[in-house]
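Student: Each residue of the sequence shown is one higher than the one before, counting from 13 in the numbering used here.
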Amino acid sequence: MLSYWEKQSLLHYDCILLGSGIVGLSAAVSIKERYPDKRLLVLERGLLPTGASTRNAGFACIGSLTEILDDLESMSADDVRALVEMRCKGLRRLRARIGDARMQYRENGSYELLDAEESLALQHLHTTNELLAPILPGPAFTIETRMPSAFGFPEEKVKAIIRNNFEGELHTGMMMRSLIDLALEKGIEIKTGCEVKAFEENGGGVRVRVQHPYQQESVTFSAPQLVICTNAFTRQLLPELDVTPGRGQVLITSPVRELPFRGIYHFNKGYYYFREIDGRVLFGGGRNLDFSGEATTSFALNERIQHDLEEKLRTLILPHHSFTIEDRWTGIMGFGKTKRPIVQAFSDRIYIAVRMGGMGVAIGSEVGSMLAEILRD
Ligand SMILES: Cc1cc2nc3c(=O)[nH]c(=O)nc-3n(C[C@H](O)[C@H](O)[C@H](O)COP(=O)(O)OP(=O)(O)OC[C@H]3O[C@@H](n4cnc5c(N)ncnc54)[C@H](O)[C@@H]3O)c2cc1C
Numbered sequence: 013m014l015s016y017w018e019k020q021s022l023l024h025y026d027c028i029l030l031g032s033g034i035v036g037l038s039a040a041v042s043i044k045e046r047y048p049d050k051r052l053l054v055l056e057r058g059l060l061p062t063g064a065s066t067r068n069a070g071f072a073c074i075g076s077l078t079e080i081l082d083d084l085e086s087m088s089a090d091d092v093r094a095l096v097e098m099r100c101k102g103l104r105r106l107r108a109r110i111g112d113a114r115m116q117y118r119e120n121g122s123y124e125l126l127d128a129e130e131s132l133a134l135q136h137l138h139t140t141n142e143l144l145a146p147i148l149p150g151p152a153f154t155i156e157t158r159m160p161s162a163f164g165f166p167e168e169k170v171k172a173i174i175r176n177n178f179e180g181e182l183h184t185g186m187m188m189r190s191l192i193d194l195a196l197e198k199g200i201e202i203k204t205g206c207e208v209k210a211f212e213e214n215g216g217g218v219r220v221r222v223q224h225p226y227q228q229e230s231v232t233f234s235a236p237q238l239v240i241c242t243n244a245f246t247r248q249l250l251p252e253l254d255v256t257p258g259r260g261q262v263l264i265t266s267p268v269r270e271l272p273f274r275g276i277y278h279f280n281k282g283y284y285y286f287r288e289i290d291g292r293v294l295f296g297g298g299r300n301l302d303f304s305g306e307a308t309t310s311f312a313l314n315e316r317i318q319h320d321l322e323e324k325l326r327t328l329i330l331p332h333h334s335f336t337i338e339d340r341w342t343g344i345m346g347f348g349k350t351k352r353p354i355v356q357a358f359s360d361r362i363y364i365a366v367r368m369g370g371m372g373v374a375i376g377s378e379v380g381s382m383l384a385e386i387l388r389d
């Protein structure tokens, strides 16, 4: 039972956003920058953001060479360039908004490891650099002159290393902490533990129903506008949308003595990625081993993929080092038939910014800004 005062003063906002991942928070900050007087509420179902934004690898990526070549098989050159440009813009916006120091943004180099078969990609290095030349200040890809053994990688497995000159790494936890702090500083309210079960649009606005955590009744918040930023979980609210979940498996080692590399690394068209963080190795990927099993919103570990990660860690990444695995986790990404995110008005009052395609760290801030631009005054 709600009081008169609660009903009068605590349930009505100018705009409600669902989801406090990087997109929900970035959209809220961009809307507030554009409309400082709007009262904004972000509703998050988890106690913490519980999707991908606090669970990724912290790569600030614009795309590896083999990933871009793979995209060119199904997308036009213009579309591929536009996607890379969106990632660059998103990363610039994120860095300007948060500041490099507050999220430990660093450019220790980004590298792609190629095996014998993938080395054929080197033939397309020059043309790919030309494709991206209009949007980058220099060539995206160069061949690393140091031998794989200089990084500790076995030369019978790694035949070439390509350097991406415009990628970096960040501390995912610090990035999200800073974004939450920024939203709070701007007067945006964030309520956690609020799973939105349903919403309805009526003449005057949108009503959003949240189950009360310890009472039978549900609580209804209302606003003239609703923005849905629930990425992989969007179909629970809008079943007709082309958004499929894709789980990502991650593990992290304890600190490794005399770790021979720093920076961020990809291989196999971006399906695997690893990096140094705090003297440890964080390693994730392998979704391509079990696409259908990983098309889920469950956060469970996939034993087969976790074993594969361990094996690759032992034989490819750290063949000369002893290590223990200290932690494992998963995060859920949102994919669709195309790689473009969905940023659009769903109706007069409801807007959607979802389907980050596994690149929301890079594009999330730009998507938030695009959403703020299409929101009607
Ligand atoms: C392992 C892994 C590695 C990755 N690596 C990279 C990378 O290197 N570079 C890169 O750019 N991107 C990477 N990503 C992708 C990136 O993390 C995501 O694209 C991005 O975080 C998506 O942000 P989001 O805000 O759209 O979604 P999310 O972070 O998933 O946020 C959605 C939020 O909505 C909430 N929610 C859902 N339903 C409801 C509801 N009904 N009511 C209220 N709240 C709800 C969820 O709890 C969640 O907090 C990776 C992701 C994973 C999992």
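Note that the Cβ used here is the ideal one computed from N, Cα and C, for glycine as well.
Kindly provide the ranges of any alpha helix (DSSP H) runs that are 4 or more residues long and lie completely inside the region 85 to 114, ordered along the chain.
Tutor: 89 to 110
Student: At a cut-off of 6 angstroms, would you count residue 373 as near ligand 1, judging by its Cβ distance to the nearest heavy atom?
Tutor: Residue 373 sits at position 361 when you count from the first residue of the sequence shown. Yes, the beta carbon of residue 373 sits closer than 6 angstroms to at least one heavy atom of ligand 1.
Student: Quick check on the burial criterion: 16 or more other C-beta atoms within 10 angstroms. Buried or exposed for residue 199?
Tutor: Taking the first residue of the sequence shown as position 1, residue 199 is located at position 187. Result: exposed.
Student: State the Cα-Cα distance for the pair residue 228 and residue 18, rounded to the nearest angstrom.
Tutor: If you number the sequence shown from 1, residue 228 lands on position 216. If you number the sequence shown from 1, residue 18 lands on position 6. If I take the Cα positions, the gap works out to 17 angstroms.
Student: What is the residue span of the beta strand (DSSP E) that residue 346 lies within?
Tutor: Residue mapping note: residue 346 aligns to position 334 of the sequence shown, counting from 1. Segment 337 to 347, the beta strand (DSSP E) holding residue 346.
Student: When every heavy atom of ligand 3 is checked, does at least one fall within less than 6 angstroms of the C-beta of residue 35?
Tutor: You won't find ligand 3 in this model; what it holds is ligand 1.
Student: By the DSSP assignment, the beta strand (DSSP E) with residue 219 in it spans what residues?
Tutor: Counting from 1 along the sequence shown, the entry for residue 219 is found at position 207. Run containing residue 219: 217 to 223, per the beta strand (DSSP E) assignment.
Student: Should residue 237 go down as buried or exposed, given a rule of 16 or more other Cβ atoms within 10 Å for buried?
Tutor: Position 225 of the sequence shown holds residue 237. The residue is buried, with at least 16 neighbouring Cβ atoms inside 10 Å.
Student: Residue 247 by DSSP, collapsed to three states: which one?
Tutor: Numbered from 1 along the sequence shown, position 235 holds the residue referred to as residue 247. Note: residue 247 maps to helix in three-state DSSP.
Student: Three or more C-beta pairs under 8 angstroms: does that hold for the region 80 to 93 against the region 328 to 342?
Tutor: Not touching, per the Cβ criterion.
Student: Do residue 405 and ligand 1 come close, with the Cβ less than 6 angstroms from some heavy atom?
Tutor: The question about residue 405 has no answer, for the chain in this structure spans 13 to 389.
Student: Do three or more CB pairs link the region 112 to 128 to the region 172 to 188 at distances below 8 angstroms?
Tutor: yes
Student: Would you tell me roughly how many angstroms separate the C-alpha atoms of residue 312 and residue 298, rounded to the nearest one?
Tutor: Position 300 of the sequence shown holds residue 312. Position 286 of the sequence shown holds residue 298. Taking the straight line from one Cα to the other gives about 15 angstroms.
Student: Can you tell me which of the three DSSP states residue 319 falls into?
Tutor: Indexing the sequence shown from 1 puts residue 319 at position 307. Helix, per DSSP.
Student: Identify, in the order they occur along the chain, each residue of the same chain with its Cβ nearer than 6 angstroms to the Cβ of residue 256, setting aside the five sequence neighbours on each side.
Tutor: By 1-based counting over the sequence shown, the position of residue 256 is 244. Same-chain partners within the cutoff: 307, 347.
Student: For residue 375 and residue 13, I'd like the C-alpha separation in whole angstroms.
Tutor: Looking up residue 375 in the sequence shown gives position 363. Looking up residue 13 in the sequence shown gives position 1. Here the alpha carbons of residue 13 and residue 375 stand approximately 42 angstroms from one another.
Student: Give every residue of the same chain whose Cβ lies closer than 7 angstroms to the Cβ of residue 43, excluding the five residues on either side of it in the sequence, and list them in chain order.
Tutor: Here residue 43 corresponds to residue number 31 of the sequence shown, with the count starting at 1. Around residue 43: 27, 50, 52, 384, 387.
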